[in-house]
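Participant: I am attaching a structure below and will ask some questions about it afterwards.
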Amino acid sequence: MSDRTRFDLDQSRIPKAWYNINADMPVPPTPVLHPGTMEPVTPEFLNVLFPMNIVAQEVCQDRWVEIPDPVREIYKIWRPTPMRRAVRLEKALGTPAHIYFKDESVSPVGSHKPNTAVAQAFYNKEAGTKALTTETGAGQWGSALAMACNFFGLSLEIFMVKVSYHQKPYRRIIMENFDAHVFPSPTDRTHFGKRVLEEDPESPGSLGIAISEAVEVAATSGGTKKYSLGSVLGHVMMHQTVIGIEALEQMEMAGEYPDVVIGCAGGGSNFAGFAFPFVHKNLTEGKKTKILAVEPASCPTLTKGKYTFDFGDTAATAPIVKMYTLGHTFIPPGIHAGGLRYHGMSPAVSALVDHGDVVARSARQNETFQAAVLFSKTEGIIPAPESAHAIRAAIDEALACKETGEKKVIAFNLSGHGHFDMTAYQSFHHGMLEDYEYPDHAVEEAMTHLPKVPGA
Ligand SMILES: *Cc1c(COP(=O)(O)O)cnc(C)c1O
Numbered sequence: 000m001s002d003r004t005r006f007d008l009d010q011s012r013i014p015k016a017w018y019n020i021n022a023d024m025p026v027p028p029t030p031v032l033h034p035g036t037m038e039p040v041t042p043e044f045l046n047v048l049f050p051m052n053i054v055a056q057e058v059c060q061d062r063w064v065e066i067p068d069p070v071r072e073i074y075k076i077w078r079p080t081p082m083r084r085a086v087r088l089e090k091a092l093g094t095p096a097h098i099y100f101k102d103e104s105v106s107p108v109g110s111h112k113p114n115t116a117v118a119q120a121f122y123n124k125e126a127g128t129k130a131l132t133t134e135t136g137a138g139q140w141g142s143a144l145a146m147a148c149n150f151f152g153l154s155l156e157i158f159m160v161k162v163s164y165h166q167k168p169y170r171r172i173i174m175e176n177f178d179a180h181v182f183p184s185p186t187d188r189t190h191f192g193k194r195v196l197e198e199d200p201e202s203p204g205s206l207g208i209a210i211s212e213a214v215e216v217a218a219t220s221g222g223t224k225k226y227s228l229g230s231v232l233g234h235v236m237m238h239q240t241v242i243g244i245e246a247l248e249q250m251e252m253a254g255e256y257p258d259v260v261i262g263c264a265g266g267g268s269n270f271a272g273f274a275f276p277f278v279h280k281n282l283t284e285g286k287k288t289k290i291l292a293v294e295p296a297s298c299p300t301l302t303k304g305k306y307t308f309d310f311g312d313t314a315a316t317a318p319i320v321k322m323y324t325l326g327h328t329f330i331p332p333g334i335h336a337g338g339l340r341y342h343g344m345s346p347a348v349s350a351l352v353d354h355g356d357v358v359a360r361s362a363r364q365n366e367t368f369q370a371a372v373l374f375s376k377t378e379g380i381i382p383a384p385e386s387a388h389a390i391r392a393a394i395d396e397a398l399a400c401k402e403t404g405e406k407k408v409i410a411f412n413l414s415g416h417g418h419f420d421m422t423a424y425q426s427f428h429h430g431m432l433e434d435y436e437y438p439d440h441a442v443e444e445a446m447t448h449l450p451k452v453p454g455a
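As numbered in numbering that gives the first Met the number 0, residues 0 to 455 make up the sequence shown, in order.
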């Protein structure tokens, strides 16, 4: 135990390899199925959207995968990120617990997302890709990939959900600053977008529609454009493990080992990135750390969804995977943690929840913002509303320790800052946030639209 409160690693300690949990999964992998035939997909099918070097990472079984030097060079801009002990928060709570957090908000665009954006841009450049397409909701993923594509000289088309394009201009301008081409989706640039606009010219768009547009542009480009996804897939989880690998070393510097490890979960990438290296210790070294994923009560994929085969997108054109899902027809309520509004969840995270290696919990909006405000008042950082779900759970774990007198060590991932989410904070301060809980009957209804996978 040290009386230091900040644990910084030298640049030489930027991890040299990512951790690939495929090597240690306690259950066999489930196949990825073609959305039309429902047969397992071939690498050639995935290669329409992703370069072969990334397709290979999806199925790779090596425990450690070397991080290419050009990627580590760019990581040097913000990595290693700090690990801090939240002593002022501990004091405010009056808890005997020790609370640590890994601070991914220090990246240039303010979240963990560049950890994979830079890697994906690198592999695409290596494979000869000239242009990428992607979608973005409020713009966190779009701004990370725009920065990465700019570094590697790739052109980038971003389909941004129309309502966010108009209501949240600042992240769009960040993307444009990095030379990305940003379009309000639905657009008339794709068949799917045109169809949506014919039916509803005033459509505000959705992440599902934007994904379908970005996928269509890549799939019909004759191989010149590839598609990039910021979460859910195995290679994305793996790229994010730099977070947890650094955190393990920083906890060692602090002279402690966490009893509880916490991350918020949308598609699962910041959670996996922080938690999987600790899951590795649980699975291979007999550690007993509780691994906790936290999601909004309004989008309760892990806590109310079903573990089953479903489409990755709303238009039912993306591959079918086995995951926790609220159903691909899930209509997201307008909550202020935009990054957590996905109907599905990373298949790897899903399998670990199903097997009991990861525990899931949900939090409502107001209690989440209460936690966010207490954290900002004590530690000075305004957290992203997404990250605040992890803070809520860390505070609840620390308050439980206050009851029992246990001196647990709690570590959470601060996935990003909330500097572009101040209207959400304003709504909270004015008592305007709703505690919407996604109803069971809506989950049951959506389950009637699941793909009918033979034998599943
Ligand atoms: C995108 C985002 C998330 C949610 O995505 P995951 O893939 O689940 O990590 C969480 N926090 C922040 C700050 C984000 O930008």
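Note that the Cβ used here is the ideal one computed from N, Cα and C, for glycine as well.
1) Do S297 and S345 have their beta-carbon atoms positioned less than 9 Å apart in this structure?
2) For a quick check, are the C-beta atoms of F177 and L196 less than 9 Å apart?
3) With a 10 Å radius around its C-beta and 16 neighbouring C-beta atoms as the bar for buried, classify M431 as buried or exposed.
4) At a cut-off of 8 Å, is Q139 close to ligand 1 when judged by its beta-carbon and the heavy atoms of the ligand?
5) Please confirm whether any heavy atom of ligand 1 lies closer than 8 Å to the CB of C263.
6) Identify whether I381 lies in helix, strand or coil by the three-state DSSP scheme.
7) For the 8 Å Cβ check, are there 3 or more pairs between the region 197-217 and the region 234-249?
8) Given this structure, state the Cα-to-Cα distance separating E284 from P25, to the nearest angstrom.
9) Out of I290, E443, L339 and I76, which one is the CA nearest neighbour of P107?
10) Does the beta carbon of V320 fall short of 8 Å from some heavy atom of ligand 1?
11) By the 10 Å Cβ neighbour count, where 16 or more other Cβ atoms means buried, how is K406 classified, buried or exposed?
12) Which class does W63 belong to by DSSP, given the choice of helix, strand or coil?
13) Among the candidates V31, Y424, A362 and A455, whose CA atom is the shortest distance from the CA of S375?
14) Return yes when the Cβ of S386 is within less than 9 Å of the Cβ of N412, no when it is not.
15) Do you know how far the Cα of I13 is from the Cα of L253?
16) Compute every distance between the C-beta of E245 and the non-hydrogen atoms of ligand 1, then say whether any falls below 8 Å.
17) Could you round the C-beta distance between V452 and I330 to whole angstroms and report it? I think they count as a contact, below 8 Å.
18) For the beta strand (DSSP E) holding H440, just list the boundary residues, first then last.
19) On a Cα-Cα basis, can you pick out the residue from N46, F273, D395 and F277 that is closest to H238?
20) Helix, strand or coil for Y164 per DSSP?
21) Excluding the five sequence neighbours on either side, which residues of its own chain have a C-beta within less than 8 Å of the C-beta of V162, listed in chain order?
22) Let me check understanding here. Comparing Cα to Cα, which of L339, H335 and D312 lies closest to T328?
23) Would you check if there are 3 or more beta carbon pairs closer than 8 Å linking the region 107-123 to the region 186-195?
24) Return the Cβ separation of I409 and D258 in integer angstroms, given the expectation that the two are a contact with Cβ distance under 8 Å.
25) What's the C-alpha gap between E378 and S11?
26) What separation, rounded to the nearest whole angstrom, lies between the Cα atoms of E175 and A137?
27) For P42, count neighbouring Cβ atoms within 10 angstroms of its own Cβ and tell me buried if that reaches 16, exposed if not.
28) Secondary structure at E405, three-state DSSP: helix, strand or coil?
29) Assign G35 to buried or exposed, taking buried as 16 or more other Cβ atoms, counted over all protein chains shown, within 10 Å of its Cβ.
30) With hydrogens ignored, establish whether the beta-carbon of L339 is closer than 8 Å to any heavy atom of ligand 1.
31) In this structure, how does DSSP classify C298 when only helix, strand and coil are distinguished?
32) I'd like the span of the alpha helix (DSSP H) that includes H97, first residue to last.
Facilitator: Taking the definition as stated:
1) No; because the gap between Cβ atoms is not below 9 Å, this pair is not in contact.
2) Contact flag unset, no.
3) M431 comes out exposed.
4) It does: the Cβ of Q139 is within 8 Å (strictly closer) of some heavy atom of ligand 1.
5) It does: the Cβ of C263 is within 8 Å (strictly closer) of some heavy atom of ligand 1.
6) I381: coil per DSSP, three-state reduction.
7) Counting C-beta pairs closer than 8 Å gives fewer than three between the region 197-217 and the region 234-249, which falls short of the contact rule.
8) So the two alpha carbons sit approximately 14 Å from each other.
9) Distance check between P107 and each of I290, E443, L339 and I76 places I76 closest, using alpha-carbon atoms only.
10) Flag unset: Cβ of V320 not near ligand 1.
11) It is exposed - the Cβ of K406 has fewer than 16 other Cβ atoms within 10 Å.
12) Three-state result, W63: strand.
13) Proximity to S375 across V31, Y424, A362 and A455 peaks at Y424, based on C-alpha coordinates.
14) Yes; because the gap between Cβ atoms is below 9 Å, this pair is in contact.
15) Correcting the residue identity first, residue 253 is Ala in this sequence and not Leu. Their Cα atoms are separated by approximately 18 Å.
16) In this structure, E245 has its CB at a distance of at least 8 Å from all heavy atoms of ligand 1.
17) Going by Cβ atoms, the distance from V452 to I330 rounds to 23 Å, so no, they are not a contact pair.
18) Annotation: H440 is outside any beta strand (DSSP E); the continuous alpha helix (DSSP H) that includes it extends over D439 to M446.
19) Measuring from the Cα of H238, the nearest candidate turns out to be F273.
20) If DSSP states are grouped into helix, strand and coil, Y164 belongs with the helices.
21) Result list for V162: P203 and G204, in chain order.
22) Here the closest residue by C-alpha is D312.
23) No, the region 107-123 is not in contact with the region 186-195.
24) Indeed, because the Cβ distance is near 7 Å, the residues count as touching under 8 Å.
25) Pairing E378 with S11, the inter-Cα distance amounts to about 28 Å.
26) Straight-line Cα distance between these residues: approximately 14 Å.
27) So P42 ends up on the exposed side.
28) E405 falls in the coil class under three-state DSSP.
29) Classification for G35: exposed.
30) L339: yes, Cβ under 8 Å from ligand 1.
31) Of the three classes helix, strand and coil, the one that applies to C298 here is coil, per DSSP.
32) Membership of H97 in any alpha helix (DSSP H) is not indicated; the residue belongs instead to the beta strand (DSSP E) covering H97 to D102.
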